[in-house]
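Below: the structure, in structure tokens.
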Amino acid sequence: MFSADSTPIRSIIMTTHNPKPGESINGGEALVRALELEGVDVVFGLPGGATLPIYDPILESTMRHILVRHEQGAGHMAQGYAHATGRPGVALVTSGPGATNIVTPLCDAQIDSIPMVCITGQVPYAAIGTDAFQECDTTGITMAATKHNFLVSEAADIPRIVHEAFHIATTGRPGPVLIDVPKDIVDANNPRSAMQWYQAGDADMELPGYHPAGAGDREAIMAAAELIRQAERPVLYVGGGILKARAAESLLELAELTGIPVVTTLMARGAFPDSHELCLGMPGMHGNYTAVTAMQQADLLISLGARFDDRVTGRLDGFAPDAKVVHVDIDEAEIGKVRAVDVGVRGDCKLVIDALIECLAELGGPDAQADRSAWRSKVSGWQEKYPLFYEQSRPGDLLKPQYVVEQLCDLNPADTIVASGVGQHQMYASNFWKFDHPYTWINSGGLGTMGFSIPAAIGAKVGMPDRRVWAIDGDGCFQMTAQELVTASVEQIPIKVALLNNGYLGMVRQWQDLFYEKRFSGVELGPDVPNYVKWAEAMGCVGIRVDSPEEVAPAIAKANEIDDRPVVVEFRTDPEENVFPMVPSGHTNSDVVVHPAQRGE
Amino acid sequence: MPNNRFHTIVTTVENKPGVLARVAGLFSRRGFNIESLAVAPTDDERFSRITFTVDVESAPLEQVVNQLDKLINVVSIRELDPRSSVSRELMLVTVSVSDGHRSRILAHVDDFRAYVLNENSSVMMLSLSARPTRLDDFEEVLRPYGIVELQRTGRVALPSLTDEA
Ligand SMILES: Cc1ncc(C[n+]2csc(CCOP(=O)(O)OP(=O)(O)O)c2C)c(N)n1
Ligand SMILES: [Mg+2]
Numbered sequence: 009m010f011s012a013d014s015t016p017i018r019s020i021i022m023t024t025h026n027p028k029p030g031e032s033i034n035g036g037e038a039l040v041r042a043l044e045l046e047g048v049d050v051v052f053g054l055p056g057g058a059t060l061p062i063y064d065p066i067l068e069s070t071m072r073h074i075l076v077r078h079e080q081g082a083g084h085m086a087q088g089y090a091h092a093t094g095r096p097g098v099a100l101v102t103s104g105p106g107a108t109n110i111v112t113p114l115c116d117a118q119i120d121s122i123p124m125v126c127i128t129g130q131v132p133y134a135a136i137g138t139d140a141f142q143e144c145d146t147t148g149i150t151m152a153a154t155k156h157n158f159l160v161s162e163a164a165d166i167p168r169i170v171h172e173a174f175h176i177a178t179t180g181r182p183g184p185v186l187i188d189v190p191k192d193i194v195d196a197n198n199p200r201s202a203m204q205w206y207q208a209g210d211a212d213m214e215l216p217g218y219h220p221a222g223a224g225d226r227e228a229i230m231a232a233a234e235l236i237r238q239a240e241r242p243v244l245y246v247g248g249g250i251l252k253a254r255a256a257e258s259l260l261e262l263a264e265l266t267g268i269p270v271v272t273t274l275m276a277r278g279a280f281p282d283s284h285e286l287c288l289g290m291p292g293m294h295g296n297y298t299a300v301t302a303m304q305q306a307d308l309l310i311s312l313g314a315r316f317d318d319r320v321t322g323r324l325d326g327f328a329p330d331a332k333v334v335h336v337d338i339d340e341a342e343i344g345k346v347r348a349v350d351v352g353v354r355g356d357c358k359l360v361i362d363a364l365i366e367c368l369a370e371l372g373g374p375d376a377q378a379d380r381s382a383w384r385s386k387v388s389g390w391q392e393k394y395p396l397f398y399e400q401s402r403p404g405d406l407l408k409p410q411y412v413v414e415q416l417c418d419l420n421p422a423d424t425i426v427a428s429g430v431g432q433h434q435m436y437a438s439n440f441w442k443f444d445h446p447y448t449w450i451n452s453g454g455l456g457t458m459g460f461s462i463p464a465a466i467g468a469k470v471g472m473p474d475r476r477v478w479a480i481d482g483d484g485c486f487q488m489t490a491q492e493l494v495t496a497s498v499e500q501i502p503i504k505v506a507l508l509n510n511g512y513l514g515m516v517r518q519w520q521d522l523f524y525e526k527r528f529s530g531v532e533l534g535p536d537v538p539n540y541v542k543w544a545e546a547m548g549c550v551g552i553r554v555d556s557p558e559e560v561a562p563a564i565a566k567a568n569e570i571d572d573r574p575v576v577v578e579f580r581t582d583p584e585e586n587v588f589p590m591v592p593s594g595h596t597n598s599d600v601v602v603h604p605a606q607r608g609e
Numbered sequence: 512m513p514n515n516r517f518h519t520i521v522t523t524v525e526n527k528p529g530v531l532a533r534v535a536g537l538f539s540r541r542g543f544n545i546e547s548l549a550v551a552p553t554d555d556e557r558f559s560r561i562t563f564t565v566d567v568e569s570a571p572l573e574q575v576v577n578q579l580d581k582l583i584n585v586v587s588i589r590e591l592d593p594r595s596s597v598s599r600e601l602m603l604v605t606v607s608v609s610d611g612h613r614s615r616i617l618a619h620v621d622d623f624r625a626y627v628l629n630e631n632s633s634v635m636m637l638s639l640s641a642r643p644t645r646l647d648d649f650e651e652v653l654r655p656y657g658i659v660e661l662q663r664t665g666r667v668a669l670p671s672l673t674d675e676a
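Protein chains in written order, with the working numbering: chain A, 9 to 609; chain B, 512 to 676.
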């Protein structure tokens, strides 16, 4: 239909990057320019037929394009970038398989409320619905995996929709937004791509049904403050929403004002300093005894940006049976979804905490708070009796993974960013690393996506190039996304990977060990194949293997010295080691099981 | 008697492709049961109205409303309590008249204030717009004569009028 020699619709922005309002440009240029105007400095992507026209103007863009080796990597990189920087991550993939390959990261970002914008190529608009080459129903497939998605039909809509997408991704409860872009409207050789440039602002948005929450109802906040004032055994139950709201400082003030102990969920590690005397660490299925038990025996749970996930509550009918609940969340649908509340406040966590602090002051400040000394001494009694615990390996035995995490934590600066995979190593990392800064812990909490850590670490390092970034990974996870280390090498993104190689899909093995009479089925990977050091080297990384405790610290030191390429340190760890404490599934949190050596059996 | 188990939710949504799929998808993935559904454009072409009746025993009404509210294309939501709203549904039904029951059927038509839309020697097509329970009753009355085809629209509703003080 369009002859090869037809003149492409190309404007002077190819050299100036700065079209004037009303200037004729094509949809591809408009897309690139609109992204730049949203402040995007890096795009993680991989091209294909449908995105060729978008990749052409990218050559002139100020945005850095990072070529991934698999689209799942692009998605997790965008997530890692967003976690670390607070700015939305951007991924650009082609239609069909490019789009389906990024569904997992979208789903992951949706359940963990990570702001990201994903642009997918699509077959030309007129071909949609014909089973064209590399066509898939991307908006249909991702409807439940995004906060919202768009299928763009006209080039002229591109600036407005890009602005809407970033607005939706970053406001309210953040999340992934996908823009599906048919090829014809961005193709310089197609008249359908012709449009007049305009810079879309808030006034251009057409979102009559979108009203993200603001400050929260003052009366409800006062009622919450009154419950807090009276509570004798309260716990601040802090979730990832605190980090999304950038409320860590406000939280610290609230905790210190009231003297209430804080638990930080898997999504909120680092939101409150582990070194603080009020910090109880992580609650839930693999939380520590004190965090689990304090919630269980509390008379008031003050839930801030947390959602009573089943991994936190255990069996619901026996969860925190005596506790009243104050639930603060930006998403109204979370309030009362799982656990009935006494006071619910829909609002931004930071604004609500600041208002709570004011209300508590009105109610008489610290002096008016109930006496919590008995509660605090009870809590510190548990801390003394049941600290996080493991048994050091005997000489000649395989390493204990907890020891490796402790050493990593000790030998790196406190603002080191840690990105974890999913499995036992994730629980060791979350529990045994001491997080004292917000935005230093990145993991896949809600979806539990194996393979998350390496691409997420890469994204974090791209966003925070001056910070040290360690991925703590399992051997199973590593084999799912290790190819992104090629991306890291080629793009000179010097992340470090601590590979806890226990030769097993360890977390699944643990369940078979404890609940299936050690009938190990489908979990053995073997520690020797692949040869991780050689594999790392083949991908342009430095590979180091560590077998004994004495080698651990020197290997970490060596890895920390290398800054011109990624490093993989393979630690051979004990496959028999299990994560404790543990609340067996189907049990209430009162049945928390501590490490065998602490049970006095 | 209106059944309090069923609440009617009237939503105004953006009139865009795929919006019904988003709403329907939300209901199915959250396990909410839709009892009845009616979709039509409004007087403003930018918006459509989707009216659902949900079984509030299958999910708390508040959760249904809150989840719906999160859909970007849903502009407004109004819950109608069965005790303070008026709902109507339309039924088209063809019923057999071959056994010489025409006059008895016409008596029912009168009774229910239904209409005859169309007929031939063997069947008669009737329409009735009324409360859903009345449609149920009409269906019961006609059943013995032999219902050939029956279609209902799904209910629409508005709040009852109260005296303006
Ligand atoms: C994509 C995906 N597939 C399967 C699972 C189920 N699963 C959870 S943890 C785990 C084992 C992870 O193994 P590894 O990375 O070696 O970590 P380890 O538990 O041994 O530390 C598996 C298979 C998952 N979470 N994600
Ligand atoms: Mg393993």
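Glycine included, every Cβ here is placed at the ideal spot set by N, Cα and C. Computed from a predicted structure; not experimentally measured.
Problem set entry | Beta-ladder partner(s) of S547(B), from DSSP | In the DSSP output, where bridge partners are listed per residue, S547(B) has T564(B).
Problem set entry | Under 6 Å, CB to nearest heavy atom of ligand 1: contacting residues | Selection output, chain order preserved: G429(A), V430(A), G431(A), Q432(A), H433(A), G456(A), T457(A), M458(A), G482(A), D483(A), G484(A), C485(A), L508(A), N510(A), Y512(A), L513(A), G514(A), M515(A) and V516(A).
Exercise. Under three-state DSSP, which class holds R599(B)?
Worked result: In this structure, DSSP gives R599(B) an extended state, which the three-state scheme calls strand.
Exercise. Is P216(A) close to chain B, meaning its C-beta is less than 8 Å from at least one C-beta of that chain?
Worked result: So yes, P216(A) belongs to the interface.
Exercise. Leaving out five residues before and five after Q606(A) in sequence, what residues of the same chain have Cβ atoms less than 7 Å from its Cβ?
Worked result: Short of 7 Å from the beta carbon of Q606(A), and not among the five residues preceding or following it, lie these beta carbons of its own chain, in chain order: Y394 and F397.
Exercise. If you follow the alpha helix (DSSP H) that K469(A) is part of, which residue opens it and which one closes it?
Worked result: S461 to G471 is the extent of the alpha helix (DSSP H) around K469(A).
Exercise. When the cut-off is 8 Å and only beta carbons count, does D621(B) lie next to chain A?
Worked result: By the rule that beta-carbons nearer than 8 Å mark a contact, D621(B) does not touch chain A.
For this session: Give, in chain order, every residue of the segment 519 to 539 of chain B whose Cβ lies closer than 9 Å to some Cβ of chain A.
Result: Residues passing the 9 Å Cβ filter: T523, V524, E525, P528, G529, A532, R533, G536 and L537.
Problem set entry | Beta-carbon proximity list for A12(A), same chain, < 7 Å, skipping 5 on both sides | Confidence is the limiting factor: at A12(A) the pLDDT is only 41, short of 50, which leaves the residue's position unreliable, though a coordinate-based value still follows. Taken in chain order, the list of residues that qualify is empty.
For this session: Report yes if the CB atom of F563(B) is closer than 8 Å to the CB atom of I545(B), and no otherwise.
Result: A contact, by the Cβ cut-off of 8 Å.
Exercise. Is the CB-CB distance between T457(A) and I425(A) below 8 Å?
Worked result: For T457(A) and I425(A), no; Cβs fall outside 8 Å.
Problem set entry | the segment 333 to 364 of chain A: positions lying closer than 9 Å to chain B by Cβ | Correct list: D339, E340, A341, E342, I343, G344 and K345.
Exercise. Can you list, in chain order, the residues of the segment 158 to 192 of chain A whose Cβ is nearer than 7 Å to any Cβ on chain B?
Worked result: Those residues of the segment 158 to 192 of chain A placed with their C-beta closer than 7 Å to a C-beta in chain B are I176, ordered along the chain.
Exercise. Any C-beta of chain D sitting closer than 8 Å to the C-beta of T147(A)?
Worked result: The question asks about chain D, but that chain is absent: this structure's protein chains are A and B.
For this session: Kindly list, in the order they appear in chain B, the residues whose Cβ is closer than 8 Å to that of M213(A).
Result: The premise fails here: M213(A) is roughly 11 Å from chain B at the closest Cβ pair, so nothing lies under 8 Å.
Exercise. What residue ranges within the segment 542 to 598 of chain A form continuous alpha helix (DSSP H) runs of no fewer than 4 residues, ordered along the chain?
Worked result: Unbroken alpha helix (DSSP H) stretches of 4 residues or longer found wholly inside the segment 542 to 598 of chain A: 557 to 569, given in chain order.
For this session: Confirm the yes/no value for this check: CB of E525(A), any heavy atom of ligand 4, distance under 7 Å.
Result: Because ligand 4 does not appear in the structure shown, any question about it cannot be addressed here, the ligands present being ligand 1 and ligand 2.
For this session: Using alpha carbons as the reference points, say which of D49(A), G30(A), Y89(A) and I66(A) lies closest to A468(A).
Result: Nearest of D49(A), G30(A), Y89(A) and I66(A) to A468(A), Cα basis: Y89(A).
For this session: Less than 8 Å between the CB atoms is what I'm expecting for L308(A) and A239(A), so what's the real figure, rounded?
Result: The C-beta distance from L308(A) to A239(A) rounds to 4 Å, short enough to meet the 8 Å contact threshold.
Exercise. Taking the Cβ atom as the reference point for each residue, do A263(A) and L286(A) lie within a distance shorter than 8 Å?
Worked result: Yes, they are a contact pair.
Problem set entry | Endpoints, alpha helix (DSSP H) assigned at N109(A) | Bounds of the alpha helix (DSSP H) holding N109(A) are P105 to N109.
Exercise. For Q491(A), which of N597(A), V602(A) and C549(A) has the nearest alpha-carbon?
Worked result: Taking only the C-alpha atoms, the option nearest Q491(A) is C549(A).
Exercise. Pick from L186(A), G180(A), I74(A) and L67(A): whose alpha carbon is nearest that of C115(A)?
Worked result: With distances taken between CA atoms, C115(A) lies nearest to L186(A) out of L186(A), G180(A), I74(A) and L67(A).
Exercise. L235(A) and V336(A): beta carbons closer than 8 Å?
Worked result: The criterion of a C-beta distance shorter than 8 Å is not satisfied by L235(A) and V336(A).
Exercise. Between L603(A) and P502(A), what straight-line distance do the alpha-carbon atoms span, to the nearest angstrom?
Worked result: The displayed chain sequence assigns His, not Leu, to residue 603(A). Those two C-alpha atoms are separated by around 37 Å.
Problem set entry | Limits of the unbroken alpha helix (DSSP H) element including V498(A) | It spans E492 to V498 - the alpha helix (DSSP H) in which V498(A) sits, taken as one unbroken run.
For this session: State yes or no: is the beta carbon of N584(B) nearer than 8 Å to at least one beta carbon in chain A?
Result: So yes, N584(B) belongs to the interface.
Exercise. From N34(A) to G97(A), what does the alpha carbon distance come to, in whole angstroms?
Worked result: N34(A) and G97(A): Cα-Cα distance of roughly 24 Å.
For this session: Give a yes or no on contact between the segment 531 to 546 of chain B and the segment 586 to 594 of chain B, applying the rule of three or more CB pairs nearer than 8 Å.
Result: Taking a cut-off of 8 Å on C-beta distances, the segment 531 to 546 of chain B does not touch the segment 586 to 594 of chain B, as fewer than three cross pairs fall below it.
For this session: Starting from P190(A), follow its DSSP beta bridges and name the residues at the other end.
Result: Q130(A), per the DSSP bridge assignment.
Exercise. Can you find a CB in chain B that lies within less than 8 Å of the CB of M151(A)?
Worked result: Interface with chain B (8 Å Cβ-Cβ cutoff): M151(A) is included.
Problem set entry | Proximity to G459(A) [Cα-Cα], best of A153(A), L60(A) and H84(A) | Here the closest residue by C-alpha is H84(A).
For this session: Report the three-state DSSP secondary structure of F458(A) (helix, strand or coil).
Result: In the sequence on display, residue 458(A) carries Met and not Phe. In the structure shown, the three-state DSSP call for M458(A) is coil.
Problem set entry | T138(A), buried or exposed, once every other Cβ within 10 Å from all chains shown has been counted against 16 | Here T138(A) is exposed: its Cβ has fewer than 16 other Cβ atoms, across all protein chains shown, within 10 Å.
Exercise. Does the segment 259 to 276 of chain A come close enough to the segment 410 to 417 of chain A that 3 or more CB-CB pairs lie under 8 Å?
Worked result: Under the three-pair Cβ rule at 8 Å, the segment 410 to 417 of chain A does not count as touching the segment 259 to 276 of chain A.
Problem set entry | Short CB-CB distance (under 8 Å) between Q574(B) and chain A | Yes, contact with chain A.
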